[in-house]
Amino acid sequence: GKDPSAVGLLILGMSVGAILGLTVSSPILVRFGPHRGMVGGLVIVSVGVLFIGFGATVFHSIPSVAIGLILLGFGNGMVDVMMNVEATAVEREVGRTLLPLMHACFSLGTVLGAGIGAAAAALGIAVVWHLLGIAVIVVVIAVVAVRYIPREADLGDEAAAKPRIPFRERMRESLRVWADWRLILIGVVMLGMAFGEGSANDWISLAVVDGHGQANSVGALVFGFFVVAMTVGRVVGGPVVDRIGRVNAIRITAGMGAVGLVLFIVGGPMWLVVVGTVLWGFGVSLGFPLGMSAAADGAANPAARVSAVAIIGYCAFLAGPPLIGFLGQHFGLLNALFLVLALLVAAFLAAPAVRPISEPVGERRENAPDPA
354 GKDPSAVGLL ILGMSVGAIL GLTVSSPILV RFGPHRGMVG GLVIVSVGVL FIGFGATVFH
414 SIPSVAIGLI LLGFGNGMVD VMMNVEATAV EREVGRTLLP LMHACFSLGT VLGAGIGAAA
474 AALGIAVVWH LLGIAVIVVV IAVVAVRYIP READLGDEAA AKPRIPFRER MRESLRVWAD
534 WRLILIGVVM LGMAFGEGSA NDWISLAVVD GHGQANSVGA LVFGFFVVAM TVGRVVGGPV
594 VDRIGRVNAI RITAGMGAVG LVLFIVGGPM WLVVVGTVLW GFGVSLGFPL GMSAAADGAA
654 NPAARVSAVA IIGYCAFLAG PPLIGFLGQH FGLLNALFLV LALLVAAFLA APAVRPISEP
714 VGERRENAPD PA
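All letters in the sequence shown, in the order written, are residues 354 to 725 by our numbering.
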């Protein structure tokens, strides 16, 4: 049997690794550059996957699995920041909002990974061989894909040409960004949206079953509506943001999320709960990618700034579900979701912080020279 407390500690190890990876990503990016940093981070992820596979099925070693999960979280945290920094540089170059679409690829990857895992289980493939294959695929994709990512100098990034500074100074620069009130308010947006997404992932199905008295199959179906709405919001969000601006996009989506939560909590006919769920999904779809984009926009040391808001967002992901569970135990699960509603209202109020501080995307396109 599996000891729930041991499983919880293992998952905590991955979370700690992720926070460490987010924290050190900025100085590593400055020292080695995003290309080598991303490849290195994904290699660490692959090594972690191997530790998990061999530790769980060959050596039956909990410490090996723990090391693997820490490495997996660490590498993923590193790569997450570097990918978002590179993505914002590409956004500035092409003059369009791209991060929502890129974040939609996370959902696609989750579905693809789940499908591969289900197929491997159905075919009777041993876990160790399955994870070994995943590790190889991750490294191959990293080495191949990084060749097609523009380098900082190609994107006109002046920081790419600056001399490397000592590690201690890089760490001080990374910590200094926490004194920026604009960044803190962007973090509030990230907090509300990430808290709303994380809580939905863990509690929507159970809230439908326990709070609204529906069958487990209905709870799973309603959660599916949430995932689809959030993914669609990210796929179509870029052009919408280019048209109405980041601030309006955050206000509209946060407002949709708040209305959706009210409908979900108050309930009534099941179709009304579904409508609330869909609005909730759309409501949290753009906050995380637009927060990342705003953190890196028009400011020095974008890696440290993206790292800072990413830490806030991931802490919300990690802390949100357990906190909702604790409140749900004392006040009821549906009532506990009023905390998510309050944080979405806070994100709505903090929306002006995501306003671009460099030339707006639309103006940049208008001022661009006509192609020959």
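In this text, a Cβ means the ideal position worked out from N, Cα and C, and glycines have one as well.
Computed from a prediction, not measured in an experiment: that's the story for all the values here.
Tell me whether residue i is buried or exposed, calling it buried when 16 or more other Cβ atoms sit within 10 Å of its Cβ.
{"i": "residue 445", "result": "buried"}
{"i": "residue 707", "result": "buried"}
{"i": "residue 658", "result": "buried"}
{"i": "residue 483", "result": "buried"}
{"i": "residue 456", "result": "buried"}
{"i": "residue 496", "result": "exposed"}
{"i": "residue 570", "result": "exposed"}
{"i": "residue 467", "result": "exposed"}
What's the C-alpha gap between residue i and residue j?
{"i": "residue 364", "j": "residue 463", "result": "18 Å"}
{"i": "residue 417", "j": "residue 552", "result": "30 Å"}
{"i": "residue 436", "j": "residue 384", "result": "16 Å"}
{"i": "residue 588", "j": "residue 614", "result": "22 Å"}
{"i": "residue 380", "j": "residue 471", "result": "38 Å"}
{"i": "residue 700", "j": "residue 486", "result": "41 Å"}
{"i": "residue 620", "j": "residue 668", "result": "29 Å"}
{"i": "residue 414", "j": "residue 366", "result": "15 Å"}
{"i": "residue 693", "j": "residue 395", "result": "33 Å"}
{"i": "residue 530", "j": "residue 422", "result": "29 Å"}
{"i": "residue 580", "j": "residue 634", "result": "7 Å"}
{"i": "residue 687", "j": "residue 563", "result": "9 Å"}
{"i": "residue 573", "j": "residue 567", "result": "10 Å"}
{"i": "residue 492", "j": "residue 476", "result": "24 Å"}
Looking only at its own chain, which residues have a Cβ that is under 6 Å from the Cβ of residue i, when we skip the five neighbours before and after it?
{"i": "residue 704", "result": "600, 603 and 604"}
{"i": "residue 677", "result": "552, 556 and 689"}
Going along the chain, which residues of its own chain have a beta-carbon closer than 8 Å to the beta-carbon of residue i, five neighbours each way excluded?
{"i": "residue 671", "result": "368 and 551"}
{"i": "residue 597", "result": "605"}
{"i": "residue 510", "result": "Its pLDDT being 49, under 50, residue 510 is placed unreliably in this model, and the coordinates cannot settle the point."}
Determine the closest residue to residue i out of the options, with distance taken between C-alpha atoms.
{"i": "residue 452", "options": "556, 683 and 646", "result": "646"}
{"i": "residue 576", "options": "594, 555, 564 and 408", "result": "555"}
{"i": "residue 543", "options": "644, 483 and 396", "result": "644"}
{"i": "residue 595", "options": "612, 450 and 410", "result": "450"}
{"i": "residue 624", "options": "585, 561 and 648", "result": "561"}
{"i": "residue 440", "options": "685, 690, 650 and 677", "result": "650"}
{"i": "residue 393", "options": "431, 413 and 419", "result": "431"}
{"i": "residue 404", "options": "480, 548 and 653", "result": "480"}
{"i": "residue 710", "options": "458, 391 and 539", "result": "539"}
{"i": "residue 654", "options": "362, 386, 370 and 372", "result": "386"}
Using C-beta distances below 7 Å, list every residue in its chain close to residue i, excluding the 5 sequence neighbours before and after it, in chain order.
{"i": "residue 378", "result": "430, 431, 434, 435, 656 and 660"}
{"i": "residue 627", "result": "575 and 578"}
{"i": "residue 454", "result": "587, 588 and 591"}
{"i": "residue 610", "result": "549, 632, 633, 636, 637 and 697"}
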